[in-house]
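K.L.:
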Amino acid sequence: AVVWACRRYRPLLEGKEFLLRTDSRALLWLDKYKDDRAKLTRFALYLQEFKFVVEHCPGRVNQLPDFLSRNPGEEAMGMEDEERLSPPRSPPRTEIPDVPQLPELNITTMTNSRLPYMLFQQMELMQIDEPGLPLYDTIVRAQRESPEYQATVIRIPRLQSGEDPAVTQWKRTLRDQYIVEDGLVWFRDGERRRLVVPLAYWRRVIQTFHDSIEAGHPGRDETLRAIAETYYWPALRKQVRTHVRHCLICASTKRGGACQEQAPLKPRPPQRPWQTISVDIMGPYEITPKKNRFLIVLVDLCSKWVEALPVPMVRPTVMIDFMEKTFQHWGYPETVISDNGPTFRSDALLRYLTKHHITQYFTPIYHQRANPVERRNQELKKLLRVHCLQRGEDRWDENIGQILFTLRNRENAAIGMSPSVALLGAPLVKPGEWNVPVVRQPLPNAPQQRQERIDRIRRRQIIFNRNLFP
51 AVVWACRRYR PLLEGKEFLL RTDSRALLWL DKYKDDRAKL TRFALYLQEF
101 KFVVEHCPGR VNQLPDFLSR NPGEEAMGME DEERLSPPRS PPRTEIPDVP
151 QLPELNITTM TNSRLPYMLF QQMELMQIDE PGLPLYDTIV RAQRESPEYQ
201 ATVIRIPRLQ SGEDPAVTQW KRTLRDQYIV EDGLVWFRDG ERRRLVVPLA
251 YWRRVIQTFH DSIEAGHPGR DETLRAIAET YYWPALRKQV RTHVRHCLIC
301 ASTKRGGACQ EQAPLKPRPP QRPWQTISVD IMGPYEITPK KNRFLIVLVD
351 LCSKWVEALP VPMVRPTVMI DFMEKTFQHW GYPETVISDN GPTFRSDALL
401 RYLTKHHITQ YFTPIYHQRA NPVERRNQEL KKLLRVHCLQ RGEDRWDENI
451 GQILFTLRNR ENAAIGMSPS VALLGAPLVK PGEWNVPVVR QPLPNAPQQR
501 QERIDRIRRR QIIFNRNLFP
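All residue numbers for the sequence shown refer to the numbering used here, where the first residue is 51 and numbers rise by one.
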């Protein structure tokens, strides 16, 4: 504990004398210990860099550290103190703060920023909760059954045709930024259109795209992007930011990002999907009922598509079988990147790769960052922690399929699109989204569409690397 504190507060402790008060007499002989092979001696040598005096004090005097070092007894505390000091016994519910009640709006003096609230204010008490009804169909039904929305459906075409003169600011905004199609109110965003969401469904939409099993608790930008693909309401960005910031599961399972220094190397970006792959082994983890302990992870470096397989033991034959099934589905790569583990250095795997004319590259020893798959491993671990909080750690292998679905549908900052769009040309359809309109219209020429996606990925990777290491 002393070594940890000195390392953490080193800038404040160096160059000055400080007092170390402790109720442990064992620390009084740190500077007298002579066994050069013991861990305590190494600790003592490190502490010699600092100038301090060890002072012993009885435990009854050292009250605050003594109190913080003990586990509170459940029978000795009330409910209020127990909830404040002890960790939760079950995963906490994540909810965004209640949407404040909006004041009555004066239509004649409404500004552009307050205009959209007119469409949502009267919808709060009209929420439809029908079990099994998909989110998109629920919002469509809510719009059709709302008198306020139906009045807006009639008003917008009249404003756009000039039948109703747009003499006020709110009418001009309604005319220019909203459209009516199929009896529904849509927000016009350039060439795209997004369905307007009533106030009563703001929270449900955010929870669907962030808290659900299919979403997997993505970050703020990914949650906002996923919602903005289809839906719109005022203050969407602020609501998403507030919800993600207050999500306890995200706070307990994710770590803050760390700055990275650019390595003095020249990257070799792949020119097409499945030209270069990276593979790694995660684990060992807790043994599941299916006896799985390890996770084989394989990623395509162009599209960022991830494949993973939980296995009890990682042998060369298991790795070869996994690669063969993956390559038969997506095609054989030119290059495979891996670390120096015994599985990847085995003669059996080398013979398999040589047989299929695949070149194998190894990363430097003790330098995991050199393997591109390590970045996908971080995302896998985040989602594994989220799912284990909800389903238990001993069944982590049952969540792999859902985690892969989430990663394949999540936009990657390095390529500017999701792996499913980069590889297949369209996102994977989530449950209940069969009726959601397609935002991006496909090109008539499939090869042209694929080549444009590859060119876009190359340009995006250049911009991403330039911004990451300016």
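By construction, the Cβ of each residue, glycine as well, lies at the ideal position given by its N, Cα and C atoms.
In this text the structure is predicted, and so the values were computed from the model without any measurement.
#1: Is the distance from the Cβ of Arg426 to the Cβ of Val329 below 7 Å?
#2: Per the DSSP calculation, His293 is bridged to which residue(s)?
#3: For Leu434, name the three-state secondary structure that DSSP assigns.
#4: Under a Cβ-count criterion, where at least 16 other Cβ atoms within 10 Å of its own Cβ denotes burial, should Thr404 be classed as buried or exposed?
#5: Mapping the DSSP letters down to three states, classify Leu474 as helix, strand or coil.
#6: Cα-Cα, which of Glu448, Tyr402, Thr385 is closest to Ile337?
#7: Mapping the DSSP letters down to three states, classify Phe237 as helix, strand or coil.
#8: Find the nearest neighbour of Trp380 within the set Pro366, Val356, Pro215, judged by alpha-carbon distance.
#9: By the 10 Å Cβ neighbour count, where 16 or more other Cβ atoms means buried, how is Gln193 classified, buried or exposed?
#10: Near Glu429, what residues of its chain come up, given a Cβ to Cβ distance below 7 Å and the 5 sequence neighbours on each side ignored?
#11: Under DSSP, the alpha helix (DSSP H) around His30 begins and ends at which residues?
#12: Within a Cβ cutoff of 6 Å, which residues of the same chain sit near Lys101, ignoring the five residues on either side of it in sequence?
#13: Mind checking whether Ser353 and Pro469 have CB atoms under 7 Å apart?
#14: Look at the alpha carbon of Val235 and the alpha carbon of Leu185, and state the distance between them as a whole number of angstroms.
#15: Please state whether DSSP places Leu69 in a helix, a strand or coil.
#16: Sort Arg92, Leu90, Ser74, Leu95 by Cα distance to Val111 and report the nearest one.
#17: In the DSSP output, which residue or residues are listed as bridge partners for His106?
#18: For Phe377 and Leu478, I'd like the C-alpha separation in whole angstroms.
#19: With the cut-off set at 7 Å, would you say Ile465 and Arg510 are in Cβ contact?
#20: Take Arg343 as the anchor and find which of Leu351, Ser396, Val361 has the nearest alpha-carbon.
#21: On a CA-only basis, which of Leu439, Ile206, Tyr411 is nearest Leu298? Give me that one, please.
#22: In three-state terms, what does DSSP make of Pro61?
#23: Considering only residues of the same chain and omitting the five flanking positions on each side of Gly65, which have a CB-CB separation below 7 Å?
#24: Over the uninterrupted alpha helix (DSSP H) stretch that includes Ala398, give me the two end residues.
#25: Is it buried or exposed for Asp131, if we count other Cβ within 10 angstroms and need 16 for buried?
#26: For Asp187, report the span of its beta strand (DSSP E) as first-last.
#27: Secondary structure at Ala358, three-state DSSP: helix, strand or coil?
#28: Taking the alpha-carbon positions, what's the Phe93 to Arg275 distance?
#29: Grouping DSSP H, G and I as helix and E and B as strand, with all else coil, what is Leu345?
#30: Can you tell me the Cα-Cα spacing of Asp232 and Val255, whole angstroms?
#31: Which word fits Thr159, buried or exposed, when buried means at least 16 other C-beta atoms lie within 10 angstroms of its C-beta?
#32: Under 8 Å Cβ to Cβ from Arg287, same chain only, skipping five residues before and after it: list those, please.
#33: Starting from the C-beta of Ile327, find all residues in its chain whose C-beta is less than 8 Å away, skip the five residues before and the five after it, and write them out in chain order.
#34: If I measure Cβ to Cβ from Gln227 and keep anything under 6 Å in the same chain, skipping five residues before and after, which residues do I get?
#35: Would DSSP call Glu174 helix, strand or coil?
P.N.:
This is what the structure gives:
#1: Position 376 of the sequence shown, counted from the first residue, corresponds to residue 426. Position 279 of the sequence shown, counted from the first residue, corresponds to residue 329. Result no, Cβ atoms of Arg426 and Val329 do not sit closer than 7 Å.
#2: Taking the sequence shown and counting its residues from 1, one reaches residue 293 at position 243. Answer by DSSP bridge pairing: none, since His293 is not bridged.
#3: If you number the sequence shown from 1, residue 434 lands on position 384. DSSP places Leu434 in the helix class (H, G or I) of the three-state scheme.
#4: One-based indexing of the sequence shown puts residue 404 at position 354. Exposed.
#5: Within the sequence shown, numbered from 1, the residue matching residue 474 stands at position 424. For Leu474, the secondary structure class from DSSP, reduced to helix, strand or coil, is helix.
#6: Within the sequence shown, numbered from 1, the residue matching residue 337 stands at position 287. When C-alpha distances from Ile337 are compared across Glu448, Tyr402, Thr385, the shortest belongs to Glu448.
#7: Here residue 237 refers to the residue found at position 187 when the sequence shown is read from its first residue. The answer is strand: DSSP assigns Phe237 an E or B state.
#8: For the purposes of this step, residue 380 is taken as the residue at position 330 of the sequence shown. Selected option, being the one with the closest Cα: Val356.
#9: Numbered from its first residue, the sequence shown carries residue 193 at position 143. Buried, since its Cβ has 16 or more Cβ neighbours within 10 Å.
#10: Position 379 of the sequence shown holds residue 429. Taken in chain order, the residues that qualify are Leu457.
#11: In the structure displayed, the chain extends from 51 to 520; residue 30 sits before or after that span and is not available.
#12: Translated into the one-based positions of the sequence shown, residue 101 becomes position 51. Taking Lys101 as the centre and dropping the five residues before and after it, the same chain places the C-beta of Glu67 closer than 6 Å to its C-beta, in chain order.
#13: Translated into positions along the sequence shown, residue 353 becomes position 303. Translated into positions along the sequence shown, residue 469 becomes position 419. In terms of Cβ geometry, Ser353 and Pro469 form a close pair [threshold 7 Å].
#14: Looking up residue 235 in the sequence shown gives position 185. Looking up residue 185 in the sequence shown gives position 135. Taking the straight line from one Cα to the other gives about 16 Å.
#15: To locate residue 69, count along the sequence shown from 1; it is residue 19. Per DSSP, reduced to three states, the secondary structure at Leu69 is strand.
#16: Residue mapping note: residue 111 aligns to position 61 of the sequence shown, counting from 1. When each option's Cα is compared against that of Val111, the closest is Ser74.
#17: The count along the sequence shown starts at 1 and reaches residue 106 at position 56. According to DSSP, His106 bridges with Thr72.
#18: Taking the first residue of the sequence shown as 1, we reach residue 377 at position 327. Taking the first residue of the sequence shown as 1, we reach residue 478 at position 428. Linking Phe377 to Leu478 through their CA atoms gives a straight-line distance of about 21 Å.
#19: By 1-based counting over the sequence shown, the position of residue 465 is 415. By 1-based counting over the sequence shown, the position of residue 510 is 460. Between Ile465 and Arg510, the C-beta spacing is below 7 Å.
#20: Your numbering for residue 343 matches position 293 in the sequence shown. Comparing C-alpha distances from Arg343 to each of Leu351, Ser396, Val361 shows the shortest one belongs to Val361.
#21: For the purposes of this step, residue 298 is taken as the residue at position 248 of the sequence shown. That would be Leu439, whose Cα lies nearest to the Cα of Leu298.
#22: Translated into the one-based positions of the sequence shown, residue 61 becomes position 11. Residue state, collapsed to three classes: helix.
#23: Counting from one through the sequence shown, the residue named residue 65 turns up at place 15. Contacts found: none.
#24: The sequence position of residue 398 within the sequence shown is 348, counting from 1. That run of the alpha helix (DSSP H) goes 397-405.
#25: Mapped onto the sequence shown, residue 131 falls at position 81. Residue placement at Asp131 is poorly supported in this model, since its pLDDT is 43, which falls under 50; the coordinates still yield a value, given next. So Asp131 ends up on the exposed side.
#26: In the sequence shown, the residue the question calls residue 187 occupies position 137. For Asp187, there is no enclosing beta strand (DSSP E); the residue is found in the alpha helix (DSSP H) stretching over 185-194.
#27: Taking the sequence shown and counting its residues from 1, one reaches residue 358 at position 308. Secondary structure of Ala358 (DSSP, three-state): strand.
#28: Taking the sequence shown and counting its residues from 1, one reaches residue 93 at position 43. Taking the sequence shown and counting its residues from 1, one reaches residue 275 at position 225. In this structure, the straight-line span from the alpha carbon of Phe93 to that of Arg275 is close to 49 Å.
#29: In the sequence shown, residue 345 corresponds to position 295, counting from 1. Collapsing the DSSP output to three states places Leu345 in a strand.
#30: Stepping through the sequence shown from its first residue, residue 232 is reached at position 182. Stepping through the sequence shown from its first residue, residue 255 is reached at position 205. The C-alpha of Asp232 lies about 22 Å from the C-alpha of Val255.
#31: The residue you call residue 159 lines up with position 109 of the sequence shown. Note that Thr159 scores a pLDDT of 33, beneath 50, so its modelled location is shaky and nothing firm can be said.
#32: As a working note, residue 287 is residue 237 in the sequence shown. Residues of the same chain with a CB within less than 8 Å of the CB of Arg287, apart from the 5 flanking positions on each side, are Leu274 in chain order.
#33: Taking the sequence shown and counting its residues from 1, one reaches residue 327 at position 277. Only Leu348, Val349, Asp350, Leu351, Pro383, Thr385, Val386, Ile387 meet the Cβ criterion.
#34: Indexing the sequence shown from 1 puts residue 227 at position 177. Leaving aside the five residues that flank Gln227 on each side, the residues in its chain whose CB is nearer than 6 Å to its CB run, in chain order, Arg238.
#35: Within the sequence shown, the letter at position 124 stands for residue 174. With a pLDDT of 42 at Glu174, under the threshold of 50, the predicted position of this residue should be treated as unreliable, and no value is reported.
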